[in-house]
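K.L.:
Residue numbers (my numbering), protein chains in the order written: chain X, 37 to 465; chain F, 144 to 249.
1) With 7 Å set as the bound, which would you pick, yes or no: does the beta-carbon of residue 188 (chain F) sit closer than that to a beta-carbon of chain X?
2) Who are residue 431 (chain X)'s beta bridge partners in DSSP?
3) Say whether the region 417-431 of chain X touches the region 331-345 of chain X, bearing in mind that this needs 3 or more beta-carbon pairs closer than 8 Å, one atom from each stretch.
4) If contact means a Cβ-Cβ distance below 7 Å, which residues of the region 168-184 of chain X contact chain F?
5) Does the separation of the CB atoms of residue 363 (chain X) and residue 275 (chain X) fall below 7 Å?
6) Using DSSP with H/G/I as helix, E/B as strand and the rest coil, what is residue 57 (chain X)?
7) Is the Cβ-Cβ distance between residue 433 (chain X) and residue 465 (chain X) less than 7 Å?
8) Check each candidate in X:436, X:304 and X:412 and name the one with the smallest Cα separation from residue 423 (chain X).
9) Give me the chain X residues within the contact set of residue 183 (chain F), using Cβ-Cβ distance strictly less than 7 Å, ordered along the chain.
10) Which residues does DSSP pair with residue 194 (chain F) in a beta bridge?
11) Rounded to a whole number of angstroms, what is the C-alpha to C-alpha distance between residue 318 (chain X) and residue 352 (chain X)?
12) Residues of chain F with CB closer than 7 Å to the CB of residue 109 (chain X), please, in chain order.
13) Beta-carbon of residue 105 (chain X) versus every beta-carbon of chain F: anything under 7 Å?
14) Does the region 191-208 of chain F come close enough to the region 218-238 of chain F that 3 or more CB-CB pairs lie under 8 Å?
15) Around the Cβ of residue 74 (chain X), are there at least 16 other Cβ atoms within 10 angstroms (buried) or fewer (exposed)?
16) Taking the runs of the alpha helix (DSSP H) that are 4 residues or longer, which of them lie wholly in the region 201-236 of chain X?
17) Less than 7 Å between CB atoms is the rule here; does residue 242 (chain F) satisfy it with respect to chain X?
18) Which ranges would you report for the alpha helix (DSSP H) in the region 360-384 of chain X if only whole runs of at least 4 residues count?
19) By the criterion of Cβ-Cβ separation under 9 Å, what are the contact partners of residue 217 (chain F) in chain X?
20) On the DSSP bridge list, what partners appear for residue 97 (chain X)?
21) Could you tell me whether the Cβ atoms of residue 258 (chain X) and residue 140 (chain X) are closer together than 7 Å?
22) Under 7 Å between beta-carbons, which chain X residues line up against residue 213 (chain F)? List them in chain order, please.
23) Is it buried or exposed, residue 220 (chain X), if we count other Cβ atoms within 10 angstroms and call 16 or more buried?
24) Would a C-beta distance cut-off of 7 Å place residue 162 (chain F) and residue 185 (chain F) closer than the cut-off?
25) Can you give the Cα-Cα distance for residue 183 (chain F) and residue 228 (chain F), rounded to whole angstroms?
26) Chain X beta carbons: is any one of them nearer than 7 Å to that of residue 231 (chain F)?
27) Could one say the Cβ of residue 304 (chain X) lies closer than 7 Å to chain F's Cβ atoms, at least one of them?
28) Taking a cut of 7 Å between CB atoms, which residues from the region 391-408 of chain X lie near chain F?
29) Please tell me whether residue 396 (chain X) and residue 312 (chain X) are closer than 7 Å, where the distance is taken between their beta carbons.
30) Let's test the definition: count the other Cβ atoms within 10 Å of the Cβ of residue 206 (chain F) and tell me whether it reaches 16, buried, or not, exposed.
31) Is the CB of residue 204 (chain F) under 7 Å away from at least one CB in chain X?
32) Give a yes or no on whether the C-beta atoms belonging to residue 200 (chain X) and residue 429 (chain X) are separated by under 7 Å.
33) Could you tell me whether any non-hydrogen atom of the ligand FMN is closer than 6 Å to the CB of residue 231 (chain X)?
34) Assign residue 57 (chain X) to buried or exposed, taking buried as 16 or more other Cβ atoms, counted over all protein chains shown, within 10 Å of its Cβ.
35) Kindly indicate which three-state DSSP category residue 29 (chain X) falls into: helix, strand or coil?
36) How many whole angstroms separate the CB atoms of residue 372 (chain X) and residue 114 (chain X), which I take to be in contact at a CB cut-off of 8 Å?
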C-alpha cells in the first residue's frame with residue numbers, strides 16, 4: 037500500500053551516509069543500480085550474520101523470511117512509536133519529515149487504519165474487513181471484465197502501447213472507486229487526487245508537492261462529503277453507504293470514515309498498477325512461462341501469486357519494538373525500528389526453491405507480498421481478481437506480445453517496486 | 144509429539160506431528176497441507192486457514208474467541224464445527240485428532 041511512507045519517510049531524506057565499517061556495502065535505495073536490481077543487494081544483506089543496520093534511517097533491515105515473518109506477527113511490534121515518545125517528540129518527528137502545516141493531510145491521510153494499532157485498529161479493521169472478503173470481491177468480477185474489455189477495445193487499434201500508462205494505470209483506481217460507490221465518470225478525479233497525495237511520499241519532494249498534496253486531500257475530502265450527503269439521502273449498494281450505517285451505529289467516527297475511504301483508494305491504486313506492470317514484464321522476460329500460462333489458464337491463480345512474490349510492489353514496511361526483543365539472533369531494545377523487506381524475504385532461498393526463478397505454477401507459494409499479522413493487506417483479493425481478469429483477457433485477445441525496449445527502468449526507492457513504463461507491441465489474436 | 148491427520152477435500156490424508164503449544168495451522172503448513180493458505184501468517188486477520196473439526200473433537204477443543212468467531216463468518220462454506228486453525232492451540236489431549244481441510248480458502 038502506498039501509504040507505507042507516512043511514518044517511514046526518514047528513508048526518503050537524502051543525506052550523507054557514513055557506512056558502518058561492519059557493513060559490507062552502503063544501502064542506497066534511491067540509486068539507479070538499486071532500482072535495476074535490488075535482489076543482489078537483498079541477497080548480500082541476507083548473507084550477513086545479523087540484520088543490516090541502515091544508519092541513514094536508524095533502522096535494522098530484515099531480509100530473511102523467518103525474521104520478517106517473526107516481526108510482522110509479533111504483537112509487541114507496532115506501526116507507530118507513539119507508545120513511547122512524547123507529543124513534543126512526535127511533533128518534532130512530523131516536522132522533520134515535513135508532514136506538518138497541512139491540516140487536511142494531517143487529519144485524513146496521516147491518521148488512518150494502517151497507521152493505527154490496538155483498539156482503534158481492530159475496530160476499524162473489523163468494520164472494513166467484511167467489505168473485502170473473497171465473496172464480496174467476487175461480485176466485482178463482471179464489472180472488472182466490462183471495464184477491462186472496454187479499455188482493451190480502445191487500445192487494440194494501437195500496435196504499440198505503454199502498458200503502464202496506457203492500460204494498467206486506468207484499472208485499479210476505477211475499480212476501487214466502484215467498490216466505494218463513486219460514479220464511473222468521477223473515477224479519473226479520484227485517481228488524480230490519489231496520485232497527488234501519494235506523490236508527496238516520493239523522494240525529493242518539495243513545498244510545491246506539499247501544497248498539491250494538501251489541496252488534493254482537501255478536494256477529495258470535499259468530494260467525499262458531497263457523496264456522503266447523497267448516500268445519506270439515498271443509500272445504495274456500495275461501501276460508502278454501508279460505512280455511513282456503521283458510523284451511525286457508533287462503530288466509527290466521521291473522520292475515521294473519511295480517512296478510511298481515502299486509505300482504501302490510495303492503498304490499492306498505485307501498488308496494483310505497479311504489480312500489473314511488473315507482472316506483465318515478468319511474462320515477457322520469461323516467454324516459456326507465459327506460454328505455459330497461455331496453454332493452461334488454470335495456472336492463473338498461481339501465476340498471479342508468483343507475480344506478487346517475484347516483484348513485490350510494496351517491498352518495504354517498518355515496525356517499532358515496544359519491548360526488548362530478540363530478532364535474527366540479536367537482542368534489540370524497546371524503541372528499535374525494524375525494516376521489513378518483504379521484497380527480500382520473498383526471494384529467500386531458505387523459504388523458496390530457486391527464488392530468482394519466475395515460475396507460474398509455483399506451489400506452495402507462501403510469500404509475504406501482502407504483509408503479515410494484523411496489518412495483512414485488506415485489498416489482496418481485489419488486487420488478485422483485477423490481475424486474474426486482466427491477464428486472462430489479454431492472453432485471450434492478444435498474441436505475440438513483445439517488449440520494444442530491452443531496458444525497462446523501475447521506479448526508484450525502497451518502498452515501491454514497479455516499472456516506470458513498459459513499451460510493448462501486441463497483435464490481436 | 145502429538146500426531147494429527149489432515150484429511151484433504153479429495154479424501155487424501157496427510158499425517159503431521161506437532162508440539163503442544165504450537166498452532167494447528169503451523170502443524171498443517173509444516174506437513175505440507177497446501178490448502179491451509181494461512182496468508183496473514185497466523186494473526187486471525189485473513190480467514191484463509193479454515194478447517195473443520197469432527198464434532199467429537201470440536202467439543203473437546205477450547206472454544207473460539209470472539210475475534211475468531213467474527214472471522215469465521217467470512218470463510219467459504221462455514222460449518223458448525225469450523226475453526227481457524229491458526230487460533231487452535233495443539234494440546235496433548237489432541238493425540239490422534241483428525242482435521243478436515245476444505246479444497247479452497249478463497
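A virtual CB, placed ideally from N, CA and C, is assigned to each residue, including glycine. Fair warning: this is a prediction, and the values are worked out from it, not measured in the lab.
P.N.:
A quick look at the data gives this:
1) yes
2) Per DSSP, none; premise fails for residue 431 (chain X).
3) yes
4) 169 and 170
5) no
6) Residue confidence is low: residue 57 (chain X) scores 46 on pLDDT, short of 50, so the model does not pin down where it sits. Its coordinate-derived value is still stated next. Note: residue 57 (chain X) maps to coil in three-state DSSP.
7) yes
8) X:304
9) 408, 409 and 412
10) F:226
11) 20 Å
12) 184, 185 and 186
13) yes
14) yes
15) buried
16) 207-216 and 223-235
17) no
18) 378-381
19) 165, 166, 169, 170, 171 and 172
20) X:88 and X:375
21) no
22) 162
23) exposed
24) no
25) 12 Å
26) no
27) no
28) 399, 400, 406 and 408
29) no
30) exposed
31) no
32) no
33) No copy of the ligand FMN occurs in the structure displayed, which carries no ligand at all.
34) Reliability fails at residue 57 (chain X), whose pLDDT of 46 lies under 50, so the model's placement of it is uncertain and no value is given.
35) Any question about residue 29 (chain X) goes unanswered here, given that chain X covers just 37 to 465.
36) That belief does not hold up - the Cβ atoms of residue 372 (chain X) and residue 114 (chain X) are roughly 12 Å apart, past 8 Å.
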